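A.B. asks: Below is one structure. I have some questions about it.
Number of protein chains: 2
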Amino acid sequence: MIENVTGRRLKTTQASLEILSLILEHDGLTLAELDSMVDSSKSSICSHLNTLLESRYLVKHDGVYHVSFRVALLGERARHRYPNDEVVERVVDELARATDQEANFTIFEHGRLLMCYGSSTEEGRDANGTRYRSEYHLHNTAAGKAILAELDRDEVESIIDYWGLPRESEGTITNPDQLFDALDEIATKKYAVVDEEFAPNLIAIGAPVHDGDGRIVGGLSVGGPKYQVDMTRLEREFADELLNAVESLESALT
Amino acid sequence: MIENVTGRRLKTTQASLEILSLILEHDGLTLAELDSMVDSSKSSICSHLNTLLESRYLVKHDGVYHVSFRVALLGERARHRYPNDEVVERVVDELARATDQEANFTIFEHGRLLMCYGSSTEEGRDANGTRYRSEYHLHNTAAGKAILAELDRDEVESIIDYWGLPRESEGTITNPDQLFDALDEIATKKYAVVDEEFAPNLIAIGAPVHDGDGRIVGGLSVGGPKYQVDMTRLEREFADELLNAVESLESALT
DNA sequence: TCAGGTGATTTACATTATGGCAACAGTTAT
DNA sequence: ATAACTGTTGCCATAATGTAAATCACCTGA
């Protein structure tokens, strides 16, 4: 769910992290570039850069600041806490094979889904070389809707408050009441479907994945272009495969 | 080399990052645990935690703070800047195969070597399940010494000042003068060897890897236990394999 | 069910640290 | 030499930290 932070927040840390993010997103920035992107003084930016350099989160080459390789290692380490192993890959790949469509497993965090492993994900780029999205909304993805249907209404509301219901495709549900109606219907099943709500021509079916304590860890989903698989087949044939895969995954998560 | 930061450093950011690191290293911490590890007030720690939560660097479950999966994704993204791809794996695996020993490629950063890819690295653990080290000193590793030999003397000195010359095995060079003598010898060759300087019974040969601009990116090394490969064979047979591998890698780094 | 812990956050306010601004020192390209 | 850009320094207004004490959220035994 959304972490409902009520206490004090530290602007210094926020500013440092924003600078770090900008450098990461732009694959390296100079002081001048940062100065034009960040609303704070040059000297202040320098202080942040000095701090991040000294902490080895950044590296500087020829006046350009880059995120360090050490950050990559820290991230790798952070990943150890999450289901990753061969299990996830095996289950997702098997689901993709069984349905002959793309499958993926996402982690549920802060009211969004973060891509953990996709059957065709290779170096985060698809066949066209465009970068895969790594963050998804819940309201317009199959696994996301299935997760929302399991949450308490106030939790859903806080997620809507935080992330909104942005339209990303023709069929995206952008109205809270409509969403709650949809969730009520889903609640009786163990899965949810999307019909061109995420991207045009794309349909998918998804379900939540729980850990040993029953907490929602993430979501598993599978789907493809409408000319390859229609809605009937999606629910008739894919639902079982999906739920089997969920079970395999959950039993592996102790 | 070491980033020689002279300007102002921000304690707020440093404190936030220290808390983040502690949580990462301990795989989750409570406020009480952090309070006992960090020299700052509980209320202040809360402010840091609030900030890191809101920035989605942390996640909280049942009073325990964990590093978020999003951090893992950020790290993955940071890694894209570095040679990773199949090229590194191919070259390292080929070097390991040709010598029948363990090979690895490390990134040179902030005066240390960070593990990028090792031929037998699997999930960061070795056969015994113990976690692999991901950071290495330069003075007691083969690739590290080869890199030091290419640097200017003042750069080497600043690295020694920063990291020292900690003894990690019987043969570790812990005296600066001895190290400089060793580096002078290495300078005439394109590689360096370690003889039980890193770990008992372990010998290895390593060399620097440069990018298209001639900057040192990291190091490639290969070696194994002394009962499998002696020093003579290391320099006679492995040196060529190593230098070939370095060349392959460098030509792939444009 | 209720009083009494226990630990997690938040508050209030004095003490320090940081942010913005502007001047200046160093480097590099023109 | 000039211009352009990077990074540092000094000075106040603003923000963060330390301390102690007040809330809050749970849990537990009577």
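In order, the protein sequences belong to chains A and B.
If you count the first sequence from 1, position 201 lands on 201 in the working numbering, and the numbers rise without skipping.
If you count the second sequence from 1, position 145 lands on 145 in the working numbering, and the numbers rise without skipping.
Every residue, glycine too, gets a C-beta built ideally from N, C-alpha and C.
All values derive from a computational prediction rather than experimental measurement.
1. Quick one, are the C-beta atoms of THR174 (chain B) and THR12 (chain A) less than 7 Å apart?
2. Hey, out of A:TYR117, A:ARG70 and A:ALA199, whose CA is closest to ARG90 (chain A)'s CA?
3. Does the distance from the CB of ILE23 (chain B) to the CB of VAL67 (chain B) come in under 7 Å?
4. In angstroms, rounded to a whole number, what distance separates the CA positions of ALA142 (chain B) and VAL193 (chain B)?
5. Over the uninterrupted beta strand (DSSP E) stretch that includes TYR117 (chain A), give me the two end residues.
6. Determine which residues of the region 64-88 of chain A have a Cβ less than 8 Å from any Cβ of chain B, and write them out in chain order.
7. In chain order, what residues of the same chain have a beta carbon less than 8 Å from the beta carbon of ILE45 (chain B), not counting five sequence neighbours either side?
8. Compute the beta-carbon to beta-carbon distance between ASN140 (chain A) and GLU168 (chain A), rounded to the nearest angstrom, for a pair I have assumed lies under 8 Å.
9. Only counting the same chain, and skipping five residues up and downstream in sequence, which positions put a Cβ closer than 6 Å to that of ALA245 (chain B)?
10. Of all Cβ atoms in chain A, is any one closer than 7 Å to the Cβ of ALA55 (chain B)?
11. Apart from the five residues just before and just after LEU29 (chain B), which ones in its own chain have a Cβ nearer than 8 Å to its Cβ?
12. Counting pairs of Cβ atoms below 8 Å between the region 229-238 of chain B and the region 69-85 of chain B, do you hit three or more?
13. Report buried or exposed for ARG215 (chain A), applying the criterion of at least 16 other Cβ atoms within 10 angstroms of its Cβ.
14. Since THR254 (chain A) meets chain B, which of its residues come closer than 8 Å, beta carbon to beta carbon?
15. My parser needs the alpha helix (DSSP H) runs of 4 or more residues fully inside the region 47-91 of chain A; what are they?
16. Could you tell me whether the Cβ atoms of LEU138 (chain A) and LEU148 (chain A) are closer together than 7 Å?
17. Could you confirm whether any beta carbon from chain A is found closer than 7 Å to the beta carbon of VAL209 (chain B)?
18. Return the residues of the region 96-112 of chain B that lie within a Cβ-Cβ distance of less than 8 Å from chain A, sorted by chain order.
19. Is it buried or exposed for HIS61 (chain B), if we count other Cβ within 10 angstroms and need 16 for buried?
20. Give a yes or no on whether the C-beta atoms belonging to PRO208 (chain B) and ALA146 (chain B) are separated by under 7 Å.
21. Quick check on the burial criterion: 16 or more other C-beta atoms within 10 angstroms. Buried or exposed for SER43 (chain A)?
22. Which class does GLY129 (chain B) belong to by DSSP, given the choice of helix, strand or coil?
23. Which residues in chain A sit within 7 Å of THR51 (chain B), going by Cβ to Cβ distance?
24. Rounded to whole angstroms, what's the CA-CA distance from VAL59 (chain B) to LEU249 (chain A)? Just pull it up for me.
25. Does VAL5 (chain A) come within less than 7 Å of chain B when only Cβ atoms are used?
26. Rounded to the nearest angstrom, what separates PRO200 (chain B) and VAL222 (chain B) at their Cα positions?
27. Could you tell me whether the Cβ atoms of GLU54 (chain A) and VAL5 (chain B) are closer together than 7 Å?
28. Please go through the same chain and pick out, in chain order, the residues whose beta-carbon is closer than 7 Å to the beta-carbon of LEU253 (chain A), but skip the five residues on each side of it.
29. For SER109 (chain A), count neighbouring Cβ atoms within 10 angstroms of its own Cβ and tell me buried if that reaches 16, exposed if not.
30. So, helix, strand or coil for SER21 (chain A), using DSSP?
31. Could you pull out every unbroken beta strand (DSSP E) segment of at least 3 residues lying fully inside the region 136-202 of chain A, listed in chain order?
32. Where does GLY75 (chain B) land, buried or exposed, given buried means 16+ other C-beta within 10 angstroms?
33. Check whether the Cβ atoms of ILE107 (chain A) and PHE198 (chain B) lie closer than 7 Å to each other.
34. Run down chain A in chain order and give the residues with a C-beta less than 9 Å from the C-beta of LYS42 (chain B).
C.D. replies: Working from what's here:
1. Cβ distance not < 7 Å, so THR174 (chain B) and THR12 (chain A) don't count as in contact.
2. Taking only the C-alpha atoms, the option nearest ARG90 (chain A) is A:TYR117.
3. Yes, these two residues count as a Cβ contact at 7 Å.
4. C-alpha of ALA142 (chain B) to C-alpha of VAL193 (chain B): approximately 5 Å in a straight line.
5. Looking at the DSSP string, the run of the beta strand (DSSP E) that includes TYR117 (chain A) is 112-118.
6. Hits within the stretch, in order: HIS66, VAL67, SER68, PHE69, ARG70, VAL71, ALA72, LEU73, LEU74, GLY75, GLU76, ARG77, ALA78, ARG79, HIS80, ARG81, TYR82 and ASP85.
7. Excluding its 5 nearest sequence neighbours in each direction, ILE45 (chain B) has C-beta neighbours in its own chain below 8 Å: ILE19, LEU31, LEU34, ASP35 and VAL38, listed in chain order.
8. Their Cβ separation, rounded to whole angstroms, is 5 Å, which keeps ASN140 (chain A) and GLU168 (chain A) in contact under 8 Å.
9. So the qualifying residues of the chain are VAL91, LEU95 and LEU220.
10. Going by the sequence as given, residue 55 (chain B) is Ser instead of Ala. By this cut-off, SER55 (chain B) is an interface position.
11. Same-chain partners within the cutoff: LEU22, ILE23, MET37, VAL64 and TYR65.
12. Segments in contact, no.
13. When all chains shown are included, ARG215 (chain A) counts as exposed.
14. Listed along chain B is no residue with a C-beta nearer than 8 Å to that of THR254 (chain A); the closest approach is about 15 Å.
15. Restricting attention to alpha helix (DSSP H) runs no shorter than 4 residues, the region 47-91 of chain A encloses them at 69-79, ordered along the chain.
16. In this structure, LEU148 (chain A) lies closer than 7 Å to LEU138 (chain A) by Cβ.
17. Cβ-Cβ to chain A under 7 Å: no for VAL209 (chain B).
18. So the list reads ILE107, GLU109 and HIS110, given in the order they occur along the chain.
19. It is exposed - the Cβ of HIS61 (chain B) has fewer than 16 other Cβ atoms within 10 Å.
20. Going by C-beta atoms, PRO208 (chain B) is nearer than 7 Å to ALA146 (chain B).
21. So SER43 (chain A) ends up on the exposed side.
22. With a pLDDT of 43 at GLY129 (chain B), under the threshold of 50, the modelled position of that residue is not reliable, and the figure given next carries that caveat. Reduced to three states, the DSSP call for GLY129 (chain B) is coil.
23. By Cβ distance, chain A contributes ARG9, LEU10, THR13 and GLN14.
24. Each residue's Cα considered, the two are about 22 Å apart.
25. Interface residue, yes.
26. In this structure, the straight-line span from the alpha carbon of PRO200 (chain B) to that of VAL222 (chain B) is close to 16 Å.
27. Yes, the pair counts as a contact, with Cβ atoms nearer than the cut-off.
28. Once the five neighbours on either side are set aside, the close Cβ partners of LEU253 (chain A) are PRO83, ASP211, GLY212 and VAL217.
29. According to the sequence as given, residue 109 (chain A) is Glu; it is not Ser. GLU109 (chain A) sits buried, since 16 or more C-beta atoms from the chains shown fall within 10 Å of its C-beta.
30. In the displayed model, SER21 (chain A) falls within a helix according to three-state DSSP.
31. Listed in chain order, the beta strand (DSSP E) runs fully inside the region 136-202 of chain A are 192-195, counting runs of at least 3 residues.
32. GLY75 (chain B) is classed as buried because its beta carbon has at least 16 other beta carbons within 10 Å across all chains shown.
33. Not closer than 7 Å, so no.
34. Correct list: empty, because the minimum Cβ distance to chain A is about 12 Å.
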